[in-house]
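In the working numbering, the protein residues as written are -6 to 391.
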């Protein structure tokens, strides 16, 4: 589950009575608290495509707790490739419990960097039953991480600051995003352009349909900035696959902006970038990561500089949800997925996909819904939707 943004098991612990102080604080008006937690995996722990062999730069789970408009609202962005199925449930339930709210008022997003961990406890359980436990998920690390992030969310809710103004800004990011699918004259896909490209024709092809804007939402106490939330739609990887853990060019840009604005935490969210990547501008070599990070940071800076502030109060904040049931794709069949899991010749990538898809299929058949949510901040709306959505959904939502 990740965000579409347009301006998208654990250690057992109990927060006894945590809801009371936060509800009392809510009467004081609109308030915000910020949390940032290092969630880097231990070396040897499985990340997306290999065991972690180095930590190039730390991963984080970071976000805000918003008080003053009913029960607390939590937005959390995690430097993971994905959090799905029961893993998504557990993250939201524990963060909700930490501040005395309900899981439907918690939005957990991943930035989808490719040398980072996954979290899907159901898929891991199924893989373990088939003799493949621990190959894709480090359950002990994941459970500890969720507990640590929940504790940080609790502290953030206990140490909030009053919000008097909301800032909104946007700016174009140059030479980062490009569409993965370039259409020919007949309207059919003529070129597939992945995260990195060396084919001259793919590089020369136009960017294609993207959302060129990076958007910033900022919380202020009068003239003091409290936090900045940035949104941009693209796959965030430059090169990957060897287990060198990194928050990638989006995380590096985020760090650059925090150094340029000391004391202003930056929380970055991925948009609907399922068919968007840096391929046109990325040949997969190491120097390009820094180039892409600098371009992202430049877009963040310009969006910040374009910010316009308006007064905001608790009455200007709303949280809305809508449960939907998405039909499973016809090609997903329990029998065929189980056959893959039982086949000793299935490779590790195929096994992971089969386990994740099987657990999703079971959830769908049981009637489980997906909760879409929308945060209204004055005249701004942030829509949270699941999965690797194509950018067309983001543009339609705007």
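C-beta: ideal position from N, C-alpha, C; glycine also.
Quiz item: What does a CB cutoff of less than 8 Å around residue 25 pick up in its chain, not counting 5 residues either side in sequence?
Solution: By 1-based counting over the chain shown, the position of residue 25 is 32. These residues qualify, in order along the chain: 57, 58, 59, 60, 153, 154, 156, 212, 219 and 220.
Exercise. Go through the region 258 to 328 residue by residue and report every complete run of the beta strand (DSSP E) that reaches 3 residues or more, in order.
Key: 259 to 263, 301 to 304 and 310 to 317
Quiz item: Under the rule that 16 or more other beta-carbon atoms within 10 Å means buried, what is residue 273, buried or exposed?
Solution: Counted from its first residue, the chain shown places residue 273 at position 280. Buried.
Exercise. Just mark residue 46 as buried or exposed, buried being the case when its beta carbon has 16 or more other beta carbons within 10 Å.
Key: Walking along the chain shown from the start, residue 46 turns up at place 53. Exposed: under 16 other Cβ atoms inside 10 Å.
Self-check item: Proximity to residue 107 [Cα-Cα], best of 241, 257, 216 and 328
Solution: As a position in the chain shown, residue 107 is number 114, starting the count at 1. Nearest C-alpha to residue 107: 241.
Quiz prompt | Limits of the unbroken beta strand (DSSP E) element including residue 198 | solution = Position 205 of the chain shown holds residue 198. First-last for residue 198: undefined, no H or E at that position.
Quiz prompt | Proximity of residue 166 and residue 289 at Cβ, strictly below 8 Å | solution = As a working note, residue 166 is residue 173 in the chain shown. As a working note, residue 289 is residue 296 in the chain shown. Contact flag set, yes.
Exercise. Going by DSSP, name the residue or residues bridged to residue 403.
Key: With the chain covering -6 to 391 only, the question about residue 403 has no answer from this structure.
Quiz prompt | Residues that residue 164 bridges to, as DSSP identifies them | solution = Taking the chain shown and counting its residues from 1, the one referred to as residue 164 is at position 171. 207.
Quiz item: Which class does residue 245 belong to by DSSP, given the choice of helix, strand or coil?
Solution: Along the chain shown, one-based indexing puts residue 245 at 252. If DSSP states are grouped into helix, strand and coil, residue 245 belongs with the helices.
Quiz prompt | Extent of the continuous beta strand (DSSP E) run through residue 377 | solution = Position 384 of the chain shown holds residue 377. Taken as a continuous stretch (DSSP letters only), the beta strand (DSSP E) holding residue 377 covers 373 to 377.
Quiz item: Which one or two residues does DSSP pair with residue 138 in a beta bridge?
Solution: Locating residue 138 in the chain shown gives position 145, where the first residue counts as 1. For residue 138, which the question treats as bridged, DSSP gives no partner whatsoever.
Self-check item: Neighbourhood of residue 95 by C-beta distance below 7 Å, restricted to the same chain and skipping five residues each side
Solution: Here residue 95 refers to the residue found at position 102 of the chain shown. 64 and 89.
Quiz prompt | Secondary structure of residue 368, DSSP reduced to three states | solution = Taking the chain shown and counting its residues from 1, the one referred to as residue 368 is at position 375. Reduced to three states, the DSSP call for residue 368 is strand.
Quiz item: Straight-line CA distance for residue 336 to residue 123?
Solution: Translated into positions along the chain shown, residue 336 becomes position 343. Translated into positions along the chain shown, residue 123 becomes position 130. Going from the Cα of residue 336 to the Cα of residue 123 covers about 10 Å.
Quiz item: Anyone know if the C-beta pair for residue 105 and residue 229 falls short of 8 Å?
Solution: Position 112 of the chain shown holds residue 105. Position 236 of the chain shown holds residue 229. Cβ distance < 8 Å, so residue 105 and residue 229 count as in contact.
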